[in-house]
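My numbering puts the sequence shown at residues 10 to 130.
All residues carry an ideal CB built from backbone N, CA and C; glycine is no exception.
Each remark here refers to the structure printed beneath this line.
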Amino acid sequence: MKNSVPSLICRSLLAATVIALTGCKTLPPPKPIDQLTQQEQAGRVAFATNCGACHYDRQNGSLHGPSLLGTYKKDYLPSGAPVSDDHITHTIMFGRGNMPSLGAQVGRDDIADILAYLKTL
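Laid out in structure tokens, this is it:
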């Protein structure tokens with residue numbers, strides 16, 4: 010009986026580790042800056058102007074908001090919402106949590122450019 014309890018614990022820990030590791034995925038690196046299209050480059054500039062004070066784009070870590078590195082390579086946004094142009098546009102326009110609304114200062118063309126840029130990260 011003593012041998013079966015440690016064995017059961019070890020098997021349970023091994024199973025939990027395997028399950029946890031299958032959920033981990035390494036994200037591919039961002040598109041090199043010198044390969045960005047004209048729209049993606051415009052999005053990079055708009056991102057730096059409107060988003061860069063609070064969000065990193067090409068590195069992990071957080072400033073006032075979460076890093077947006079790999080945003081479109083993940084299933085969910087930091088808020089828990091599914092990743093989609095609509096969710097991200099809504100967040101930019103109207104804010105969420107501590108993020109202010111940027112709808113008055115960021116136009117639709119800038120948002121389209123920012124989305125194009127985020128897809129390269």
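Alpha carbon to alpha carbon, what distance is there between residue j and residue i?
i: Pro-87; j: Ile-42; result: 25 Å
i: Leu-111; j: Arg-105; result: 11 Å
i: Pro-39; j: Gly-116; result: 25 Å
i: Asn-69; j: Ser-76; result: 6 Å
i: Met-102; j: Asn-59; result: 12 Å
i: Gln-114; j: Leu-45; result: 24 Å
How is residue i classed by DSSP in three states: helix, strand or coil?
i: Arg-105; result: strand
i: Tyr-126; result: helix
i: Gly-52; result: helix
i: Arg-67; result: coil
i: His-73; result: coil
i: Thr-35; result: coil
i: Ala-62; result: coil
i: Ala-57; result: helix
i: Ala-113; result: coil
i: Thr-46; result: coil
Suppose the cutoff is 8 Å on Cβ atoms and the five residues either side in sequence are ignored; what does the same chain contact list for residue i look like?
i: Tyr-81; result: Val-92, Leu-127, Lys-128 and Leu-130
i: Cys-1; result: This structure leaves residue 1 out entirely; the chain is present only between 10 and 130.
i: Leu-36; result: Leu-78, Gly-79, Lys-82 and Lys-83
i: Tyr-85; result: Pro-91 and Val-92
i: Tyr-65; result: Ser-71, Leu-72, Ser-76, Leu-77 and Leu-78
Keeping to the same chain, check which residues put their C-beta closer than 6 Å to that of residue i; ignore five residues upstream and five downstream.
i: Asp-52; result: Just to set this straight, residue 52 is Gly in the shown sequence, not Asp. Within the same chain, Gly-52 has close Cβ partners Asp-122, Ile-123, Ala-125 and Tyr-126.
i: Gln-48; result: Asp-122 and Ala-125
Name, in chain order, the residues that DSSP records as bridge partners for residue i.
i: Tyr-85; result: Pro-91
Is residue i near residue j, with beta carbons less than 8 Å apart?
i: Asp-94; j: Ala-55; result: no
Between which residues of its own chain and residue i is the CB-CB distance below 7 Å, once the five residues before and five after are set aside?
i: Leu-30; result: Confidence at Leu-30 is low in this model, with a pLDDT of 42, below 50, so the placement of that residue is unreliable and no value is reported for it.
i: Thr-100; result: Met-108
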